[in-house]
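*Asks:* Everything in the sequence shown is counted per the numbering used here, starting at 238 for the first residue and increasing by one.
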Amino acid sequence: MKKIIIVGGGVSGISAGIYAREAGFNAEIFEKSHTAGGQCMGWNRKKHHIDNCIHWLTGTKKGTSLRKVWEEVGALEPDMEFIYDDKFYTTYVGSENVTLWKDLDRTEKELLELSPEDEIEIRKFITHVKYAECCEMPADKPMDMMGIKDYVKMGKSMANMPKVIKEYGGIDLQDLSDRFKNPVIKALMTDYLPKEYQASSFIVSYATVACGNGDVPAGGSLAMVNRMLRKYQNLGGIIHIGSTVKKVCLEGNKASGIELMDGSIHQADYVLLATDVMEAYEKLLGNEYMDKKWKKSFSDVKKYPLFSGLQMAFSIDKSAYPYRGTIFFDCKPMSVGEKNVNRIFVKSYEYEPDWAPEGKTVLQANILQYDEDYEYWKNLDSETYNMRKNQLAEEVMQRILVKFTDLKGHIELLDSWTPITYERYCNSYHGAYMGFITRKNVKSFRVKGTVKGIKNVYIASQWIQAPGGLPVAVTAGKFAIMRILKNI
Ligand SMILES: Cc1cc2nc3c(=O)[nH]c(=O)nc-3n(C[C@H](O)[C@H](O)[C@H](O)COP(=O)(O)OP(=O)(O)OC[C@H]3O[C@@H](n4cnc5c(N)ncnc54)[C@H](O)[C@@H]3O)c2cc1C
238 MKKIIIVGGG VSGISAGIYA REAGFNAEIF EKSHTAGGQC MGWNRKKHHI DNCIHWLTGT
298 KKGTSLRKVW EEVGALEPDM EFIYDDKFYT TYVGSENVTL WKDLDRTEKE LLELSPEDEI
358 EIRKFITHVK YAECCEMPAD KPMDMMGIKD YVKMGKSMAN MPKVIKEYGG IDLQDLSDRF
418 KNPVIKALMT DYLPKEYQAS SFIVSYATVA CGNGDVPAGG SLAMVNRMLR KYQNLGGIIH
478 IGSTVKKVCL EGNKASGIEL MDGSIHQADY VLLATDVMEA YEKLLGNEYM DKKWKKSFSD
538 VKKYPLFSGL QMAFSIDKSA YPYRGTIFFD CKPMSVGEKN VNRIFVKSYE YEPDWAPEGK
598 TVLQANILQY DEDYEYWKNL DSETYNMRKN QLAEEVMQRI LVKFTDLKGH IELLDSWTPI
658 TYERYCNSYH GAYMGFITRK NVKSFRVKGT VKGIKNVYIA SQWIQAPGGL PVAVTAGKFA
718 IMRILKNI
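(1) On the DSSP letters alone, give me the boundaries of the alpha helix (DSSP H) that C663 sits inside.
(2) So what does V330 bridge to, in DSSP terms?
(3) Closer than 6 Å by C-beta to P379: which residues in its own chain qualify, once you throw out the five before and the five after it? Chain order, please.
(4) Note down, in chain order, each residue of its chain lying with its Cβ closer than 6 Å to the Cβ of W793, except the 5 sequence neighbours on either side.
(5) Per DSSP, what kind of secondary structure is N623 in: helix, strand or coil?
(6) The alpha helix (DSSP H) that contains K532, what's its start and end?
(7) Between the C-alpha atoms of S585 and K239, what's the straight-line distance to the nearest angstrom?
(8) Given 7 Å as the limit, tell me if V599 has its C-beta closer than that to any heavy atom belonging to ligand 1.
(9) Pull up the CB-CB distance for K677 and Q435, whole angstroms please, since I reckon it's below 8 Å.
(10) Just to check, is the beta-carbon of F641 closer than 7 Å to a non-hydrogen atom of ligand 1?
(11) Using alpha carbons as the reference points, say which of W592, W293, K597, T658 lies closest to K615.
(12) If you measure from the CB of F267, is any heavy atom of ligand 1 nearer than 7 Å?
(13) Does ligand 1 have a heavy atom nearer than 7 Å to the CB of P656?
(14) Short of 7 Å in beta carbon distance, which residues of its chain neighbour S438, apart from the five on each side in sequence? Order them along the chain.
(15) Please find out if some non-hydrogen atom of ligand 1 comes closer than 7 Å to the beta-carbon of T687.
(16) Run through DSSP, which three-state label would Q276 get?
(17) Let me know the beta strand (DSSP E) ranges lying completely inside the region 579-648, each 3 residues or longer, listed in chain order.
(18) Got a sec, what are the start and stop residues for the alpha helix (DSSP H) H365 sits in?
(19) Output the distance between the C-alpha atoms of D323 and L337, rounded to the nearest integer angstrom.
(20) Can you round the beta-carbon distance between F544 and L605 to whole angstroms, since I take them to be within the 8 Å contact cut?
(21) For F325 versus V446, is the C-beta spacing smaller than 8 Å?
(22) Can the beta-carbon of G274 be found closer than 8 Å to that of V482?
(23) Give me the residue from I320, K346, H292, A260 with the minimum Cα distance to E309.
(24) Out of G474, E589, T712, T327, which has the shortest C-alpha to C-alpha gap to G456?
(25) Check M549 in the structure and name its three-state DSSP category.
(26) Pull the bridge partners of N281 from the DSSP assignment, please.
(27) Whose C-alpha, out of N419, L303, L410, is nearest the C-alpha of P353?
(28) Quick one: what's M571 bridged to in DSSP?
(29) Considering only residues of the same chain and omitting the five flanking positions on each side of N490, which have a CB-CB separation below 7 Å?
Here you go:
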């Protein structure tokens, strides 16, 4: 039986391991951390659980090809329970607010009541979100392995997508926001995703959530990863945790295996790199093997921006916070690195009562961080870094208290973390937790994940296709195994 070594035990790596075992390969995952999951993570603080990934999982709708993949890897079960929420998120400007409901007619009505002068743009927006409900990520096979029949099938099922791309593919979220007159709707359009994103990405995101294809599985991120890991191990897959890979061992144009930091060598017929892509090339394989597309994109952050987050988790008394879900609000400006921040988002986790002691729940806050913010954090010495992180957590807490006054005396900081945290724990390039942002008029990033010049090494991570995220990660693992099988 041929052996595949997989470097990285995140969603991409475990997915690859499961498909490798199903295809009859021996599979061994090497993961540097002491738990699997990578960025799909959660941890405990002061008897609270902090879930740090799934805000929405694309592919939860039954009958879609992505749902089939999630079930194949054991991440979702056929009778999976999902957290009920009737909305995507709520935006506040001052005391005025508006919500993107799952019920699109309700959203339309609410937007029209708030701003009749924006009627044309509101109706256009809702119509196109309805069109985008048909949008499905191809998960059966990679695009380049699709035949005419597959394209015809995809074209039929996504018949309305060209209309969405035509109207919103050439503008970004800032442009979309500028189309509206009402300040709350303007903020609504740029709150959820970085404003550099092509507007069509946001239309598709909202449509995905609205049509029930982007729900949150009960138990959250860690429970999902653990289900995948169980499936992998039940299939006979092996995982070595706490095992940092130093490099891929090359013999001519072939990999013979890997070397760990402890100097041990592990032989394999195939090596699959399911780490962050910079880690894969810069440290494990050698930059000279990096695909030109990646090189170009990483060297042009304006065209291919990346983002991360400055985040905090608080324990709050449930009784003092009668809200649910994700809320964006404006606040007194505060300086984060080189920038002034005047909007924050909070998300509450009251839907998982086991994640906090009786009467409490977790409230998380997030402030978007770009490449230059990463540089800011990276250049601080460890004492200043910790001091600044704690100061900002306090400043964020004060702003939460201004917005939600009933929380006074009912809120306590649990933890705070920055882009550096993702770099440290997952070797994530500049702390980025998604792939490149797809900008207007820039071709969406996609590569095959093969390595020119080395036959038996493949890249299987969220980086092979923009915008990354869990759906790309799980299919990257599957597709890498399909490519190996095709090339045998
Ligand atoms: C705050 C946050 C919120 C998110 N929200 C969502 C969401 O709502 N929906 C969504 O779809 N996605 C979301 N994502 C993105 C999602 O988590 C990632 O896209 C996905 O987990 C990436 O999986 P991956 O396996 O490709 O990479 P990773 O998770 O980065 O896994 C790579 C693994 O490789 C390991 N590794 C690295 N270097 C080495 C080495 N040298 N040797 C051994 N092991 C190594 C790392 O420790 C890690 O475990 C979110 C991410 C974050 C951080």
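The beta carbon of each residue, even a glycine, is placed where N, CA and C say it ideally should be. No experiment lies behind these values; they were computed from the predicted model shown.
*Replies:* Short version:
(1) Position 426 of the sequence shown, counting from 1, holds the residue named residue 663. Start and end: 656-663.
(2) To locate residue 330, count along the sequence shown from 1; it is residue 93. For V330, the beta-bridge partners assigned by DSSP are E333.
(3) Numbered from 1 along the sequence shown, position 142 holds the residue referred to as residue 379. Within the same chain, P379 has close Cβ partners F716.
(4) Look at the range of the chain in this structure, 238 to 725, and you will see that residue 793 is not part of it.
(5) The count along the sequence shown starts at 1 and reaches residue 623 at position 386. Three-state DSSP puts N623 in a helix.
(6) Residue mapping note: residue 532 aligns to position 295 of the sequence shown, counting from 1. K532 -> alpha helix (DSSP H) spans 529-535.
(7) Position 348 of the sequence shown, counted from the first residue, corresponds to residue 585. Position 2 of the sequence shown, counted from the first residue, corresponds to residue 239. Distance between the alpha carbons of S585 and K239: 47 Å.
(8) Counting from 1 along the sequence shown, the entry for residue 599 is found at position 362. No, the Cβ of V599 stays beyond 7 Å of every heavy atom of ligand 1.
(9) Here residue 677 refers to the residue found at position 440 of the sequence shown. Here residue 435 refers to the residue found at position 198 of the sequence shown. Their Cβ separation, rounded to whole angstroms, is 5 Å, which keeps K677 and Q435 in contact under 8 Å.
(10) Position 404 of the sequence shown, counted from the first residue, corresponds to residue 641. F641 Cβ: outside cutoff for every heavy atom of ligand 1.
(11) Sequence index remark: in the sequence shown, residue 615 carries index 378 (1-based). Nearest of W592, W293, K597, T658 to K615, Cα basis: T658.
(12) Taking the first residue of the sequence shown as position 1, residue 267 is located at position 30. At a threshold of 7 Å, F267 counts as near ligand 1, since its beta carbon sits closer than that to one of the ligand's heavy atoms.
(13) In the sequence shown, counting from the first residue as 1, residue 656 sits at position 419. P656: no, Cβ never under 7 Å from ligand 1.
(14) Taking the sequence shown and counting its residues from 1, the one referred to as residue 438 is at position 201. Excluding positions up to five away in sequence, the list reads L430, T675, P704.
(15) On the sequence shown, residue 687 is found 450 positions in, with the first residue counted as 1. Remark: the shortest separation between the CB of T687 and any heavy atom of ligand 1 does not fall under 7 Å.
(16) As a first step, residue 276 is located in the sequence shown; it is residue number 39 there, counting from the start. Coil at Q276, not helix or strand.
(17) Every beta strand (DSSP E) stretch that sits fully inside the region 579-648 and reaches 3 residues is listed by chain position as 597-607.
(18) Here the question's residue 365 lines up with position 128 in the sequence shown. Its alpha helix (DSSP H) spans residues 356-369.
(19) The count along the sequence shown starts at 1 and reaches residue 323 at position 86. The count along the sequence shown starts at 1 and reaches residue 337 at position 100. The alpha-carbon separation between D323 and L337 amounts to approximately 9 Å.
(20) Against the sequence shown, residue 544 aligns to sequence position 307. Against the sequence shown, residue 605 aligns to sequence position 368. With a Cβ gap of about 6 Å, F544 and L605 count as contacting.
(21) If you number the sequence shown from 1, residue 325 lands on position 88. If you number the sequence shown from 1, residue 446 lands on position 209. Yes, they are a contact pair.
(22) To locate residue 274, count along the sequence shown from 1; it is residue 37. To locate residue 482, count along the sequence shown from 1; it is residue 245. No. Outside cutoff.
(23) Mapped onto the sequence shown, residue 309 falls at position 72. When only C-alpha atoms are compared, the closest one is A260.
(24) Along the sequence shown, one-based indexing puts residue 456 at 219. The shortest Cα separation from G456 among G474, E589, T712, T327 belongs to E589.
(25) Locating residue 549 in the sequence shown gives position 312, where the first residue counts as 1. Of the three classes helix, strand and coil, the one that applies to M549 here is strand, per DSSP.
(26) Working through the sequence shown from its first residue, we reach residue 281 at position 44. Looking at the DSSP output, N281 sits in a beta bridge with H286.
(27) Translated into positions along the sequence shown, residue 353 becomes position 116. Checking every option, the nearest Cα to that of P353 belongs to N419.
(28) By 1-based counting over the sequence shown, the position of residue 571 is 334. Bridge partners of M571 according to DSSP: V578.
(29) Numbered from 1 along the sequence shown, position 253 holds the residue referred to as residue 490. Cβ within range, chain order: G690, I691, K692.
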